[in-house]
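What follows is a set of notes on a single structure, which appears directly below.
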Amino acid sequence: MYGRARVVFVVVVLALWLAGCATALTYTDIQDQLPPLTIDKARIFFYSEGPGDWRIKIDGQRVGRLGHESNSSSDDLWQFFFIELPPGVHEVVGTSGGLLIGDETRLRVTLSGGDIRYVKALFRSRGSSSLILLDKDSVPAGMYRYIYVGSKLKP
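Here our numbering = 1-based position in the sequence shown + 7.
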(Lines of atoms letter the chains of each structure in order from A; the text may use other names.)
(Lines give C-alpha, C1' and ligand atoms only; values in the text may rest on other atoms or scores of the structure.)
Protein backbone atom coordinates (compact mmCIF):
# COMPACT_ATOMS: atom_id res chain seq x y z
CA MET A 8 0.00 0.00 0.00
CA TYR A 9 2.70 2.47 1.01
CA GLY A 10 4.87 1.47 -1.96
CA ARG A 11 2.15 2.40 -4.44
CA ALA A 12 1.43 5.70 -2.68
CA ARG A 13 5.14 6.50 -2.75
CA VAL A 14 5.28 5.84 -6.52
CA VAL A 15 2.23 8.05 -7.11
CA PHE A 16 3.79 10.79 -4.97
CA VAL A 17 7.07 10.61 -6.91
CA VAL A 18 5.24 10.71 -10.27
CA VAL A 19 3.20 13.76 -9.20
CA VAL A 20 6.28 15.61 -7.91
CA LEU A 21 8.19 14.78 -11.10
CA ALA A 22 5.29 15.99 -13.28
CA LEU A 23 5.07 19.27 -11.36
CA TRP A 24 8.82 19.76 -11.60
CA LEU A 25 8.79 19.14 -15.36
CA ALA A 26 5.88 21.54 -15.81
CA GLY A 27 7.88 24.22 -13.99
CA CYS A 28 10.81 23.64 -16.33
CA ALA A 29 8.79 24.38 -19.45
CA THR A 30 10.46 27.17 -21.35
CA ALA A 31 8.66 30.43 -21.88
CA LEU A 32 8.59 32.13 -25.26
CA THR A 33 11.14 34.87 -25.80
CA TYR A 34 11.24 37.75 -28.27
CA THR A 35 13.45 35.62 -30.52
CA ASP A 36 10.92 32.75 -30.39
CA ILE A 37 7.93 34.84 -31.46
CA GLN A 38 9.54 36.93 -34.22
CA ASP A 39 8.69 34.37 -36.90
CA GLN A 40 5.13 33.99 -35.57
CA LEU A 41 4.23 37.68 -35.84
CA PRO A 42 1.89 38.43 -38.71
CA PRO A 43 3.14 41.02 -41.20
CA LEU A 44 1.76 44.49 -40.58
CA THR A 45 -0.62 46.03 -43.05
CA ILE A 46 -1.04 49.73 -43.79
CA ASP A 47 -4.10 49.89 -41.48
CA LYS A 48 -2.22 48.67 -38.37
CA ALA A 49 0.76 49.61 -36.23
CA ARG A 50 2.45 47.56 -33.51
CA ILE A 51 3.73 48.73 -30.12
CA PHE A 52 5.96 46.53 -27.98
CA PHE A 53 5.91 47.25 -24.24
CA TYR A 54 8.73 46.01 -22.06
CA SER A 55 10.22 46.51 -18.63
CA GLU A 56 13.85 46.36 -17.54
CA GLY A 57 13.54 46.99 -13.87
CA PRO A 58 11.81 46.05 -10.68
CA GLY A 59 8.20 46.87 -10.23
CA ASP A 60 4.85 45.86 -11.58
CA TRP A 61 3.20 47.76 -14.43
CA ARG A 62 -0.39 47.89 -15.64
CA ILE A 63 -0.71 49.35 -19.14
CA LYS A 64 -3.77 51.00 -20.70
CA ILE A 65 -4.18 52.43 -24.19
CA ASP A 66 -6.99 54.90 -24.84
CA GLY A 67 -8.57 53.92 -21.51
CA GLN A 68 -8.56 50.15 -22.20
CA ARG A 69 -6.38 47.78 -20.18
CA VAL A 70 -4.05 45.99 -22.62
CA GLY A 71 -1.43 44.27 -20.48
CA ARG A 72 0.75 43.90 -17.46
CA LEU A 73 4.51 43.81 -17.02
CA GLY A 74 6.80 42.75 -14.23
CA HIS A 75 9.92 40.72 -13.80
CA GLU A 76 10.94 37.47 -12.21
CA SER A 77 14.23 35.98 -11.14
CA ASN A 78 15.19 32.45 -12.02
CA SER A 79 17.31 30.12 -9.92
CA SER A 80 20.55 31.40 -11.44
CA SER A 81 19.66 34.98 -10.37
CA ASP A 82 19.25 36.18 -13.97
CA ASP A 83 16.45 38.68 -14.30
CA LEU A 84 13.66 37.62 -16.62
CA TRP A 85 12.29 40.81 -18.14
CA GLN A 86 8.87 40.69 -19.74
CA PHE A 87 7.23 42.15 -22.84
CA PHE A 88 4.01 42.11 -24.84
CA PHE A 89 2.76 43.86 -27.94
CA ILE A 90 -0.49 45.35 -29.17
CA GLU A 91 -1.67 46.25 -32.66
CA LEU A 92 -3.54 49.52 -33.14
CA PRO A 93 -4.93 51.59 -35.98
CA PRO A 94 -2.88 54.61 -37.11
CA GLY A 95 -3.48 57.82 -35.17
CA VAL A 96 -2.72 59.39 -31.80
CA HIS A 97 -3.07 57.09 -28.79
CA GLU A 98 -2.72 57.77 -25.08
CA VAL A 99 -0.70 55.21 -23.14
CA VAL A 100 -1.09 55.15 -19.35
CA GLY A 101 1.25 53.06 -17.25
CA THR A 102 0.64 52.53 -13.55
CA SER A 103 3.56 51.18 -11.57
CA GLY A 104 3.63 49.91 -8.04
CA GLY A 105 1.09 48.02 -5.98
CA LEU A 106 -2.61 47.55 -6.52
CA LEU A 107 -3.70 50.25 -4.06
CA ILE A 108 -0.99 52.85 -4.60
CA GLY A 109 0.60 53.45 -7.96
CA ASP A 110 2.60 56.03 -9.84
CA GLU A 111 0.77 56.88 -13.07
CA THR A 112 2.69 57.91 -16.18
CA ARG A 113 1.16 59.14 -19.44
CA LEU A 114 2.56 59.11 -22.94
CA ARG A 115 1.03 60.19 -26.27
CA VAL A 116 2.08 58.07 -29.24
CA THR A 117 1.43 58.98 -32.87
CA LEU A 118 1.36 55.93 -35.13
CA SER A 119 1.37 55.60 -38.90
CA GLY A 120 0.30 52.46 -40.72
CA GLY A 121 3.04 49.81 -40.62
CA ASP A 122 4.91 51.45 -37.70
CA ILE A 123 6.65 49.34 -35.10
CA ARG A 124 7.42 51.20 -31.87
CA TYR A 125 8.87 50.24 -28.49
CA VAL A 126 7.83 51.63 -25.10
CA LYS A 127 10.08 51.01 -22.13
CA ALA A 128 8.43 50.99 -18.70
CA LEU A 129 11.06 52.16 -16.25
CA PHE A 130 10.70 52.07 -12.47
CA ARG A 131 13.35 54.07 -10.67
CA SER A 132 14.32 54.18 -7.04
CA ARG A 133 12.29 56.34 -4.65
CA GLY A 134 9.07 55.50 -6.46
CA SER A 135 9.48 57.51 -9.64
CA SER A 136 8.59 55.85 -12.92
CA SER A 137 8.36 56.69 -16.59
CA LEU A 138 7.35 55.39 -20.00
CA ILE A 139 9.96 56.01 -22.68
CA LEU A 140 9.10 55.91 -26.40
CA LEU A 141 12.04 54.64 -28.43
CA ASP A 142 12.91 55.52 -32.00
CA LYS A 143 11.02 53.75 -34.75
CA ASP A 144 12.08 50.25 -35.70
CA SER A 145 14.93 49.98 -33.18
CA VAL A 146 14.74 46.73 -31.22
CA PRO A 147 16.17 47.40 -27.74
CA ALA A 148 19.46 45.65 -26.99
CA GLY A 149 18.88 42.50 -25.00
CA MET A 150 15.20 42.19 -25.88
CA TYR A 151 15.84 38.91 -27.68
CA ARG A 152 15.81 37.13 -24.31
CA TYR A 153 12.79 38.86 -22.72
CA ILE A 154 9.82 36.67 -21.82
CA TYR A 155 6.58 37.11 -23.79
CA VAL A 156 3.56 37.66 -21.51
CA GLY A 157 0.98 38.63 -24.13
CA SER A 158 -1.91 36.77 -25.72
CA LYS A 159 -1.40 33.38 -27.27
CA LEU A 160 -0.03 33.65 -30.81
CA LYS A 161 -1.59 31.81 -33.72
CA PRO A 162 0.73 29.18 -35.25
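Cβ atoms here follow ideal geometry from the backbone N, Cα and C, with glycine treated the same way. No experiment lies behind these values; they were computed from the predicted model shown.
For Y151, no alpha helix (DSSP H) encloses it, and the DSSP letter there is neither H nor E. Cβ atoms of T35 and Y151 come within 8 Å of each other, at about 5 Å. When the alpha-carbon of D60 is set against those of G101, R69 and F89, the nearest one is in G101. Note on geometry: alpha-carbon atoms of Q40 and I90 lie some 14 Å from one another. When secondary structure is reduced to three states using DSSP, D60 falls in the coil class, being assigned neither helix nor strand. Residue environment for A128: buried (at least 16 other C-beta atoms within 10 angstroms of its C-beta). In this structure, the straight-line span from the alpha carbon of L118 to that of G157 is close to 21 Å. Remark: C-beta atoms of L44 and G121 approach each other more closely than 7 Å. The Cβ atoms of I123 and R69 do not sit closer than 7 Å to each other. Closest by C-alpha distance to I46, out of E98, I139 and P94, is P94. V99 is classed as buried because its beta carbon has at least 16 other beta carbons within 10 Å across all chains shown.
By the C-beta density criterion, S136 is buried, having at least 16 other C-beta atoms within 10 angstroms. Beta-bridge partners assigned by DSSP to D110: S103.
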